[in-house]
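My numbering numbers the first residue of the sequence shown as 7 and each following residue consecutively.
Backbone N, C-alpha and C define an ideal beta-carbon position, used for all residues, glycine too.
Predicted model only: the values in this text are computed from it and were never measured.
Working notes for the structure below.
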Amino acid sequence: MSVSTRHKPRQRYDAFSMTLHWITAFSVIFLFASAHIWEQLEKGTPLRKGLQSWHISFGILLALVMIVRPLWRFYSQRQSHLAVAPAENSKLMRIMAHAVHGLMYLLLFTQVGLGFLFRWSQQEPFSFFGLFDVPTFIHVDTALRHTLAGLHNNVAWALIVLAGAHAVAALLHHYVLRDNVLRRMLPLRDSMPLREDK
């Protein structure tokens, strides 16, 4: 095997990158849905409390993933066996893709931060899937909880709209442009092989 072949960039993301991506996607959808479902439920009911508990736990999971994702991306793109070749798109499309990803990362970090600040402003203990309690690293005035809740909700809407646009763009790439943008992040290697360049 030649050196050039051995170091040829991957056309698909590695399994760990895919896992982080799909955990992020599922968490965003679940967090948005669960918050809007429990608002329709009577206060104090077990289902409402359960949804809130799961919401908090998935929010913490999302926070952990958002710490790991940029670190793994930085590391993997510097490893010849993990580095992914850039998608073959026009310069404008690449700029738009980078802008959307950058904005999505900004919103995700903002949302995670607001979530923690809001929970700390309630000054009530909360846990990660019942495994351990999350300590209060910052004292937040309880008078700020309504403001933080409003900001948390607004960012959630912005995030879900942007994530929806991201998903639509991926489907357009797959069904209209018929390229490999979506397939690069799918683990279905045998049933959905990469399309050959024309």
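Indicate whether residue i and residue j have their beta-carbon atoms separated by less than 8 Å.
i: residue 68; j: residue 118; result: yes
i: residue 64; j: residue 98; result: no
i: residue 18; j: residue 190; result: yes
i: residue 135; j: residue 125; result: no
i: residue 35; j: residue 71; result: no
Please report how far the alpha carbon of residue i lies from the alpha carbon of residue j, in whole angstroms.
i: residue 120; j: residue 154; result: 6 Å
i: residue 9; j: residue 77; result: Low confidence applies here, because residue 9 scores a pLDDT of 41, under 50, leaving its location unreliable and the question unanswered by this model.
i: residue 204; j: residue 193; result: With a pLDDT of only 45 at residue 204, under 50, the local geometry of the prediction cannot be trusted, and no value is derived from it.
i: residue 108; j: residue 27; result: 14 Å
i: residue 66; j: residue 50; result: 23 Å
i: residue 183; j: residue 138; result: 47 Å
i: residue 52; j: residue 177; result: 38 Å
i: residue 73; j: residue 179; result: 29 Å
i: residue 104; j: residue 127; result: 34 Å
Kindly indicate which residue of the options has the alpha-carbon position closest to the one of residue i.
i: residue 100; options: 123, 187 and 191; result: 187
i: residue 116; options: 92, 53, 158 and 54; result: 158
i: residue 166; options: 87, 71 and 106; result: 106
i: residue 168; options: 114, 71, 52 and 47; result: 114
i: residue 6; options: 111, 128 and 145; result: Because the chain is modelled from 7 through 204, residue 6 falls outside the range shown and cannot be assessed.
i: residue 33; options: 162, 144, 89 and 145; result: 162
i: residue 90; options: 145, 16 and 102; result: 16
i: residue 142; options: 123, 87 and 181; result: 123
i: residue 185; options: 156, 92, 164 and 86; result: 92
How is the alpha helix (DSSP H) around residue i delimited, first residue to last?
i: residue 191; result: Here residue 191 belongs to no alpha helix (DSSP H), and DSSP marks it neither H nor E.
i: residue 18; result: Unbroken run through residue 18: none, as it is neither H nor E.
i: residue 115; result: 97-128
i: residue 87; result: Where residue 87 is concerned, there is no enclosing alpha helix (DSSP H), given that its DSSP letter is neither H nor E.
i: residue 158; result: 151-181
So does residue i have its beta carbon nearer than 7 Å to some heavy atom of the ligand FMN?
i: residue 41; result: As far as ligands go, the structure on display features none, and thus does not contain the ligand FMN.
Query - Meets three-Cβ-pair contact criterion under 8 Å: the stretch 170-180 and the stretch 145-153 - result: no
Query - the stretch 74-82 in contact with the stretch 15-28 per 3-pair CB rule at 8 Å - result: yes
**Report entry** contact_flag[the stretch 53-64, the stretch 27-44] where n(CB pairs < 8 Å) is 3 or more
**Finding:** yes
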